[in-house]
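Novice:
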Amino acid sequence: MNRKQFRPDKPPEWGSGPPVVFAHAWGLRSDEWDYQIPALADAGLRCVLYERRGHGRSDRPAAGYDFDALADDLAAVINHLDLQDITLVGHSLGRRELVRYLTRYGDTRVTRMVFVAPTTPQLRRSADNPDGWDPALLDANYAAVAANVPQWCASFEAAGPYFGSSPGASPGLVDWTTRMIVDTPLRVLLRRCSSTPTST
Amino acid sequence: MTGELQKIQVPTLVLHGDQDASAPIELTGRKTAALLGSATLRVYPRRRPRPVRQRPRGHQHRHPRLHRRNPGRPAGRLLLMRTVGATATATVRFLLELGAYASLGYWGASTRGAVALRAALAVLAPLAAILV
Chain A
1337 MNRKQFRPDK PPEWGSGPPV VFAHAWGLRS DEWDYQIPAL ADAGLRCVLY ERRGHGRSDR
1397 PAAGYDFDAL ADDLAAVINH LDLQDITLVG HSLGRRELVR YLTRYGDTRV TRMVFVAPTT
1457 PQLRRSADNP DGWDPALLDA NYAAVAANVP QWCASFEAAG PYFGSSPGAS PGLVDWTTRM
1517 IVDTPLRVLL RRCSSTPTST
Chain B
50 MTGELQKIQV PTLVLHGDQD ASAPIELTGR KTAALLGSAT LRVYPRRRPR PVRQRPRGHQ
110 HRHPRLHRRN PGRPAGRLLL MRTVGATATA TVRFLLELGA YASLGYWGAS TRGAVALRAA
170 LAVLAPLAAI LV
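Heads up: the sequence lines are chains A and B, in that order.
Residue numbers for the first sequence follow my numbering, beginning at 1337 and rising by one.
Residue numbers for the second sequence follow my numbering, beginning at 50 and rising by one.
(1) From which residue to which residue does the alpha helix (DSSP H) around Met1516/A run?
(2) Residue range of the alpha helix (DSSP H) that Arg1460/A falls in?
(3) What did DSSP end up calling Leu215/B once you bin it into helix, strand or coil?
(4) Would a C-beta distance cut-off of 7 Å place Tyr56/B and Pro1457/A closer than the cut-off?
(5) For chain B, check one thing: does any of its Cβ atoms lie closer than 7 Å to the Cβ of Asp1421/A?
(6) For the region 1513-1521 of chain A against the region 1370-1383 of chain A, are there 3 or more C-beta pairs whose distance is under 8 Å?
(7) Could you tell me whether any Cβ in chain B is nearer than 7 Å to the Cβ of Gly1449/A?
(8) Nearest to Pro73/B by alpha carbon, out of Leu1459/A, Leu1509/A, Asp1408/A, Gly1508/A?
(9) Might you give, ordered along the chain, the residues of its own chain that have their beta carbon closer than 6 Å to the beta carbon of Pro1488/A, omitting 5 neighbours on each side?
(10) Between which two residues does the alpha helix (DSSP H) holding Gly52/B run?
(11) For Tyr93/B, which three-state DSSP category applies?
(12) Grab me the residues of Ala1411/A's own chain with a C-beta within less than 8 Å of its C-beta, minus the 5 sequence neighbours each way, in chain order.
(13) Just reading off the alpha helix (DSSP H) that Leu1406/A is part of, what are its end residues?
(14) How many angstroms separate the CA atom of Thr1520/A from the CA atom of Arg1396/A?
(15) Compare the C-alpha of His65/B against each of Gln58/B, Gly78/B, Leu176/B, Ala139/B and name the closest.
(16) Kindly indicate if chain A contains any beta-carbon less than 7 Å away from that of Asp69/B.
(17) Which residues in the same chain have their Cβ closer than 6 Å to the Cβ of Pro113/B, if we skip the five residues on either side of it in sequence?
(18) Check this for me: beta carbons of Ala88/B and Thr61/B, under 7 Å apart or not?
(19) Under 7 Å between beta-carbons, which chain C residues line up against Leu173/B? List them in chain order, please.
(20) Rounded to whole angstroms, what's the CA-CA distance from Val1524/A to Arg126/B? Just pull it up for me.
(21) Over the uninterrupted alpha helix (DSSP H) stretch that includes Arg1523/A, give me the two end residues.
(22) Can you name the start and end residues of the alpha helix (DSSP H) that Gly1430/A belongs to?
(23) Please list the residues of the region 1456-1468 of chain A that have a C-beta atom closer than 9 Å to any C-beta atom in chain B, keeping them in chain order.
(24) So what does Met1449/A bridge to, in DSSP terms?
(25) Comparing C-alpha positions only, which one of Asp1443/A, Gly1390/A, Val1452/A, Ile1373/A sits nearest to Ser71/B?
(26) Assuming Gln183/B contacts Arg95/B under a Cβ cut-off of 8 Å, what Cβ separation, rounded to an integer in Å, is found between them?
(27) Residues in its own chain within less than 8 Å of Leu176/B by CB, not counting five upstream and five downstream?
(28) I need the straight-line Cα distance from Leu1419/A to Leu129/B, nearest angstrom please.
(29) Shorter than 7 Å from the beta carbon of Met50/B to some beta carbon of chain A?
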């Protein structure tokens, strides 16, 4: 099936040493780790900058955006490079792939993990998640993304310091991050948007 | 994913900002760390923003929350410098005017000293005004 379109043979890498595999956030691509990679490579780590299907420079197959398929893609990368003693790093949506990878493939190859701003266990309000967000709010957010991604990014930023109010969040960096989301095909954004609408 | 998280035993570092709007820490990071078998939660607190006046023009319009907290007033050292500057200029101005009136009354309006003082005032007063 379409999974064959995903080519795990050449994820970008930087540095050498124990491997660190990065799973980027919804709508972003491996570039989001740009400011961490030089220091980590200098510290003696092999940074494997894999990109989720549909995102960045990966293929854009029509199917396979459920977490099982995404975990299989990650496993394909890990198996192809025969990585051992791995540190898995996942940001936001990326860490859901990591969790599913571990429950599907076990932790024999993985030594440790880093979750950056995870969206687990879930944002949507439900019986077992009573303090979660109103589903109507998430549905409205989904509709806003579907209607106009650049507008959605702009309104999010206008509503408050979405990308952070710290001095480091300069307009240039905000623009760069927004562009990654805008450049991701809408059909891909929406595939994972209904359940985790604001999980960049 | 609650059940899945509980099964994971891999040591995990959870990093989360306490101002995260898209994934509020109480709803996500803190719960995730509690569910995992072996997790360390590290919270990044809100960094103090720089004074509004030092930000690029128009920045505060895109950050209404920030704008509310710092309603356009310079903070810290900048405020101190401005206060000291304004006080010094006001004092100089006051002394100049006082000197002018005193000398006029003492020497009379036609004396040389008063003419010189008037000339000095004509230069210094605008200068003082500019400084203020």
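Beta carbons are placed, not taken as given, at the ideal position from N, Cα and C, and that holds for glycine.
Specialist: In short, the structure shows the following:
(1) 1507-1519
(2) First-last for Arg1460/A: undefined, no H or E at that position.
(3) Nothing can be reported for residue 215/B, as the shown portion of chain B is limited to 50 through 181.
(4) First, the residue type needs correcting, since residue 56/B is Lys and not Tyr in the sequence shown. Going by C-beta atoms, Lys56/B is not nearer than 7 Å to Pro1457/A.
(5) no
(6) no
(7) Note on residue identity: the sequence assigns Met, not Gly, to residue 1449/A. It does: the Cβ of Met1449/A has a partner Cβ on chain B nearer than 7 Å.
(8) Leu1459/A
(9) Checking the sequence shown, residue 1488/A turns out to be Trp, not Pro. So the list reads Ala1480, Val1481, once near-sequence residues are dropped.
(10) 51-56
(11) strand
(12) Tyr1437, Arg1440, Tyr1441
(13) 1403-1416
(14) 10 Å
(15) Gly78/B
(16) yes
(17) Caution applies to Pro113/B, whose pLDDT of 49 falls short of 50 and renders its modelled position unreliable; the model cannot decide the point.
(18) yes
(19) No chain C is part of this structure, whose protein chains are labelled A and B.
(20) 49 Å
(21) 1522-1527
(22) 1430-1441
(23) Thr1456, Pro1457, Gln1458, Leu1459, Asp1464, Asn1465, Asp1467, Gly1468
(24) Leu1424/A, Thr61/B
(25) Val1452/A
(26) Residue 183/B is absent from the model: chain B starts at 50 and stops at 181.
(27) none
(28) 58 Å
(29) yes
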